[in-house]
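Heads up, the thing below is written out as structure tokens.
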Amino acid sequence: MSSESNEISRRPWVHHGSRRPGGSPGGVSPTAASRSAAVNPAPTREAPPPAETAPPPAETAPAPERETDSAPRPPGPEFGHRVNGVPVLPRAVAPNPVPDGAKPSDPSLYFNAELSWLDFNWRVLYQAMDERTPLLERLRFLAITENNLDEFVMKQVGGLKRVLGAGVVKPSLDGLGPAEQLDLVREGVRTMRTRLAEVWEDDLRPRLAAELDIAVRDFEDLNDEEREQVRRVFADRIYPVLTPLAVDPGHPFPFLSNMSLSLALMLEHPERRTRHFARVKIPTALRWVELPESGHVVPVEQVVRHFAGELFRGMKIESASLFRVTRNADVARDEEVADDLLQMISEEIRERRFARVVRLEVEPGMPDDVRQFLVRQLKLDEEDLYEIPGLLEMSGFWQIAAEGPWEHRHEPWEAMIPPRLIREGETEDRPDIFTVIRAGDLMVHHPYESFTATVQQFIEEAAADPAVVAIKQTLYRTAEHSRIIAALVRAAEAGKAVAVLVEVTARFDEADNMEWASVLEEAGVNVTYGLVGLKTHAKVALVVREEGDEIRTYCHIGTGNYNSETAQIYADIGILTARPEIGRDAVNLFHYLTGYAPDQQYEELVVAPRDLRRALTARIEREISHVEAGRQGRMIMKLNGLDDPKMIRALYAASAAGVKVDLIVRGQCRLRPGIPGFSENIRVRSIVGRFLEHDRIFWWGNDGDPEVWIGSADWRRRNLDDRVEVLLPVRDKRIRKRLRKTLRFALRDNQRAWELRPTGEYVLCEPEPGERPIDYQSRMLKAVRKRRRKVDDHWSASH
């Protein structure tokens, strides 16, 4: 067996920093324990009278006070339970026991997809509770968790409600029907959102005030001086943009935009004694109103509520309650019958804006009659109403985290330039980036290594180089102010042949991508919008260059988007190569994407949906055959998600045959590890930390002759069947060695990694006695610095 394979394979088959579970779990979280029980809906209330008469009176204060526990929960991560002192997260999944004689398709062998995603978001929320995380970064993770949850409700809850509306009753892979899934998802969302509020109110809010003197104050606690300053801000900046909307026979119930924060007011005319409903949208563009003391702010919604009387002079305010709505983003489309894809997407965006509301969040003090009035007007079920303590909208935490002191944030990180590119620019006859790539494949690992000095530089130099005759590229998501787009425009204006596939169906980025497509088309770029029925998720750039009497191709194949902003926080891998066979494959790929070539052939690249599933299955079967022949079988996969039933069953078959499988799955995972006879040879871990793990690395041991791929695809059905994905087999030994070390560090992480147990619980990995702490992302940072120091030392010694 080669040393390349040995370094990973000879590790003992135990989890670093965690104890492999045996038998029953050490405890069951309240969320999981209630899976078999019915969801407790909000108490049934009387339906309100018609809108034109408004709800009946309610004895409610105009400004409900913020509710707090008499005995606040202690700060920190103690929100699940512990096994042998190790934190164990709450879980939404709760699989059934595996029956005797079960087949690989038995529902008990699979976690539910939606509930597994909720469990991923618990791991994100833990970052906001982890004392090891800098305080302002904890606040940022709180905002990330809420944003993730909002998008989940828009897509998954909206999708489940649409499925139920269509009368579908077919159970999912894990045996849950749509109605049961929706009940469990609602319960999971409710539990998580409540916990978000608790983390803010009981932990981060007082810590920010005590340690950083950053105080989010309540209006009721302000002194006269502070109230006077807030009054001036309201009069000058807030009052002019407010639009009070009444509801009566002449004013229908207003449209509520998605994720908008609103104030629901019950008004009484003092002379006619009639009651009226009104809504005021909160202008969250000004999220916080500053107070005289530096670092002290008050939420804008509290300011609007306090001064709401100025909007309704002559009326008595009975109650003023905050609420927020979430609309469905799971809109059906039929590309097969669409005459114009851009028109269809434009209509879809508009349809999403007016899509049905799927969630109503209200503060605890909202009167019952107002709740029922909103539920009826929005055509919701009672279970779609969520009572949320504290702030209803947390996106403003990004601003506080960004403006706070550096010592309470992550240490600033300046992405390194790969050593082979460092000397570029020092002399007039410096080698261009194409000379560097011709000397050998170049791997770049963002955000540890610079995106702008590598991938972006590749496109910018191609645009400016007179020898370049053509540039072709896929664009899935890109930066708001994209220098790559600007370079492609310059290239087209210079007369180069530029072709760009802009994926206009990228969720929540459709409008931006259509705008970029228009900019490119106006510059003369040949723009296509993807293939009918397939989403182009591949990350490929091709440069065609005249060099003497020949044409040479240069390519970038990656795991992440061509986005300089997300490249600073997403961990992704790309390879720049001048290998002729990769260039030929990239040419064929773009012919397939821009023309008609469904049977296009590829020498090296593995392309979905045509070849990827078959190629993955063949390599799994090869590992099985090695074990059956008495050799070693080994697989390591680093993924974002795993939900494809066929691939999971193939992994179960490999495990049953004796193949050792390590899966590093950041997010959703439907595979159930550690089940005797099915998955006892499979381990699953998830790494959640400062950077979002987004790269995909596939490693097959192949009995000492390892095969390694990187690319854009996860092992999800949508990636294998419904998207154009590209995987690159890595041939360069130096890059394979580097990827091997990357996987080894990820498998040894005992600081930020979570082990998935057969029960569905995730347990934080911690060092065993005598074992040193290993943080995967910190090790990656150190490895890049080490390579940089070697170059600096060599440069200093030679001058």
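Sequential numbering from 994 applies to the sequence shown in the working numbering.
Where a beta carbon is used, it is the ideal one built from N, C-alpha and C, also for glycine.
Given the structure is predicted, the values throughout are model-derived calculations rather than measurements.
The beta carbons of ARG1663 and SER1109 sit about 6 Å from each other, so the pair counts as a contact at 8 Å.
For the pair VAL1723 and TRP1693, the CB atoms are not nearer than the 8 Å cut-off.
For VAL1620, the three-state secondary structure derived from DSSP is helix. Exclusion of the five residues before and after ILE1728 leaves ASP1434, MET1436, ILE1568 as the residues of its chain whose Cβ lies within less than 7 Å of its Cβ.
A direct Cα-to-Cα measurement between GLU1700 and VAL1497 gives close to 34 Å. If you check the CB distance, ARG1179 and GLU1376 come in under 8 Å.
For VAL1756, the closest of GLU1764, ALA1746, ARG1765, GLY1763 by C-alpha to C-alpha distance is ALA1746.
Taking one beta carbon from each stretch, the stretch 1592-1604 and the stretch 1661-1677 have fewer than 3 pairs nearer than 8 Å; the two do not touch. Exposure of ASP1206 is indicated by the presence of fewer than 16 other C-beta atoms within 10 angstroms of its C-beta.
Taking C-beta atoms as the reference points, ARG1607 and ILE1381 fail to come closer than 8 Å.
Assignment of ILE1275 by DSSP, reduced to helix, strand and coil, places it in the coil class.
In this structure LEU1586 touches LEU1524 by the C-beta definition: roughly 7 Å separates them, less than 8 Å. Below 8 Å, enough C-beta pairs join the stretch 1275-1294 and the stretch 1222-1229 to call them touching: three or more. Within the same chain, ILE1452, GLU1453, ALA1456 come within 7 Å of ALA1480 by CB-CB distance, once the 5 residues on both sides are set aside. Between the C-alpha atoms of TYR1547 and PHE1145 there is a straight-line separation of about 39 Å.
According to the DSSP assignment, GLN1466 belongs to the beta strand (DSSP E) that extends over 1461-1468. Cβ-Cβ separation between LEU1142 and ASN1114: approximately 6 Å, consistent with a contact (criterion under 8 Å). The beta strand (DSSP E) runs of length 3 or more contained entirely in the stretch 1618-1690 are, from start to end of the chain, 1627-1632, 1653-1658, 1675-1680. Between the C-alpha atoms of GLY1697 and PRO1199 there is a straight-line separation of about 56 Å. The continuous alpha helix (DSSP H) containing LEU1586 extends over residues 1573-1587. Secondary structure in the stretch 1069-1157: the beta strand (DSSP E) runs of 3 residues or longer, each lying completely within the stretch, are 1074-1076, 1079-1081 in chain order. Straight-line spacing of the CA atoms in ILE1544 and ARG1476 works out to 26 Å. One thing to note: LYS1631 has its Cβ no nearer than 8 Å to the Cβ of ARG1577. When only Cα atoms are considered, ASP1167 and LEU1111 end up about 16 Å apart. In summary, ILE1562 is exposed, with fewer than 16 beta-carbon neighbours lying within 10 Å of its beta-carbon over all protein chains present. Excluding its 5 nearest sequence neighbours in each direction, ASN1089 has C-beta neighbours in its own chain below 6 Å: SER1101, listed in chain order. When the Cα atoms are used, VAL1493 and ASN1506 turn out to be separated by approximately 12 Å.
LEU1082 is positioned such that its CB atom lies closer than 8 Å to that of GLU1754. Here GLY1181 carries a helix assignment [DSSP, helix/strand/coil].
Of GLY1551, ILE1550, VAL1495, the smallest CA-CA separation from LEU1527 is found for VAL1495.
By the Cβ neighbour-count rule, GLU1764 is exposed, with fewer than 16 other Cβ atoms within 10 Å of its own. Spatial neighbours of ASP1725 in its own chain (CB-CB distance under 7 Å, excluding positions within 5 residues in sequence) are listed in chain order as GLY1433, ASP1434. Assignment of beta-bridge partners to TYR1379 by DSSP yields GLU1354. Remark: C-beta atoms of PHE1444 and LEU1367 do not approach each other more closely than 8 Å.
Taking a contact as a CB-CB distance under 8 Å, the pair VAL1719 and ILE1550 counts as one, their CB atoms being some 6 Å apart. At a cut-off of 3 residues, the continuous stretches assigned as beta strand (DSSP E) that sit fully inside the stretch 1398-1446 are 1435-1439.
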